[in-house]
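Comments concern the structure below.
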Amino acid sequence: MLVKYLLFQLLLGTFSANAIPNPAGDASDAEARDDNGLAARNKHDCGHDAYWHKDKCYCNNKDLYYDWHEKRCKCPGDQQYDYHKNKCYCPGNQYYDSDKKECKCPGDQYYDSHESKCKCPPGQYYNWKDKNCYCPGNQYYESHEKKCKCRNGWYWESSKNQCKEKRHG
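Rendered as structure tokens:
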């Protein structure tokens, strides 16, 4: 009777050993396969933020576009992605110019990447009420030269760093 019991236990242990999970994992286990194997079978790896449709990858978020070189979804132009709001935005006080596909500063302002904001051109000051840049009194902005210049009938006095009225006489 004891021999039958031992033989039964031996046979039972041999056949049920495969049912015990292997802590090292097996290459054929579902847990051991990764997404790369899936991509190899489907021939299209769009990443976790995109999906394949017909002949290319599309981003799940319609505001983003798929970058084939980086294999990920990105904001258009030089916009950045806000993960809390789940949308693209232009840094600083810039706006997005959809025709040029880039972030731009309003008016003649330029983007200062060190301060992460749009700034007035040198020599101008910012008016917080109407959110525009202006040249100091008796000056106007010369857009071709990108600087403030004295109005007609005035001259630049460098010692006082201001425009002075020309005197006739």
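Going left to right, the sequence shown walks through residues 0 to 168 as numbering that gives the first Met the number 0 numbers them. Note that beta-carbon positions come from the ideal geometry of N, C-alpha and C, so glycine has one too.
Rounded Cβ spacing between residue i and residue j (contact assumed at less than 8 Å)
i, j, result
"C72", "D48", "4 Å"
"R150", "Y139", "6 Å"
"Y110", "G136", "Contact flag wrong, Cβ pair sits at about 27 Å."
"K70", "D98", "The pair is not a contact, with the Cβ atoms about 28 Å apart (cut-off 8 Å)."
"G152", "E141", "About 16 Å separates the two Cβ atoms, so there is no contact after all."
Distance, residue j Cα to residue i Cα
i, j, result
"Y94", "C102", "5 Å"
"P75", "D96", "10 Å"
"C89", "H52", "29 Å"
"Y64", "K100", "12 Å"
"C117", "N131", "11 Å"
"R166", "E114", "42 Å"
"Y154", "N160", "11 Å"
"C119", "N59", "38 Å"
"G36", "G46", "Since pLDDT at G36 reaches only 49, below the 50 mark, its modelled position is unreliable, and the value read off the structure follows with that caveat. When rounded, the distance between both Cα atoms is 13 Å."
"E30", "G106", "Unreliable placement is indicated for E30, whose pLDDT of 48 sits below 50; the coordinate value is still reported in the next sentence. Using only the alpha carbons, I get a separation of about 57 Å."
"Y50", "K84", "22 Å"
"E212", "D66", "The structure shown does not extend to residue 212, since the chain is modelled only from 0 to 168, so the question has no answer here."
Per-residue burial, residue i [other beta carbons within 10 Å of its own, 16 or more giving buried]
i, result
"Q108", "buried"
"Q79", "exposed"
"Q8", "exposed"
Residue i beta carbon near the ligand NAD (any heavy atom closer than 6 Å)
i, result
"P135", "Of ligands this structure carries none, so the ligand NAD is not represented either."
Mind pulling the beta strand (DSSP E) runs of 3 or more residues that sit fully within the stretch 100-152? 101-103, 109-111, 116-118, 124-126, 131-133, 138-141, 146-149
Decide yes or no for the touch test of the stretch 144-158 against the stretch 119-136: beta carbon pairs closer than 8 Å, at least 3 of them. Segment contact: the stretch 144-158 against the stretch 119-136, three or more CB-CB distances shorter than 8 Å; contact assigned.
Threshold first: 3 residues or longer. Then list the beta strand (DSSP E) segments lying entirely within the stretch 39-64, N to C. Counting only unbroken stretches of 3 or more residues, the beta strand (DSSP E) elements lying wholly within the stretch 39-64 are 49-52, 55-58, in sequence order.
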